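J.:
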Amino acid sequence: MKFVTVMLFTMLVLLQYRLWIGNGSLTEVHHLQQEKELITNENELLKERNDSLAAEVLDLKQGLDAIEERARSEMGMIKKDETFYQIVDRKGLTRSHSKQGE
């Protein structure tokens, strides 16, 4: 009877060790779930960014408005019959406007 009790206690200790500390333990499962959640959130952000970039590429391929807007804002280009006005505030901030010529 004593042998059976010792065996059952030993099995209980081994099972508890595996449950709390060993491979596949509750703490490891919890850490893996947190890591999965972080990766899922990062993937969602990257998917939104990819969708935005894909829409921008499609817009650039199909429409001249996006190309014109990018040329104006990033390269400072103006149309042939436009006049460029640059207004400098007293604070040192700069605003730029262009107006089509008469």
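According to this note's numbering, the sequence shown is numbered sequentially starting from 51. Think of the CB as a built atom: it goes at the ideal place given N, C-alpha and C, for glycine as much as any other residue. What you are looking at is a predicted structure, and each value in this text was computed from that prediction instead of being measured.
1) Just to check my reading of the structure: Leu76 and Leu69 have Cβ atoms closer than 8 Å, yes? What is that Cβ distance to the nearest angstrom?
2) Whole angstroms are fine: how far does the CA of Glu78 sit from the CA of Glu92?
3) CB-CB under 7 Å to Leu110, same chain, minus the five flanking residues each way: which ones, in chain order?
4) With DSSP collapsed to three states, give me the class of Asn100.
5) Using only the alpha-carbon positions, how far apart do Glu119 and Met125 sit?
T.: Put simply:
1) 6 Å
2) 21 Å
3) Ala116, Ile117
4) helix
5) 10 Å
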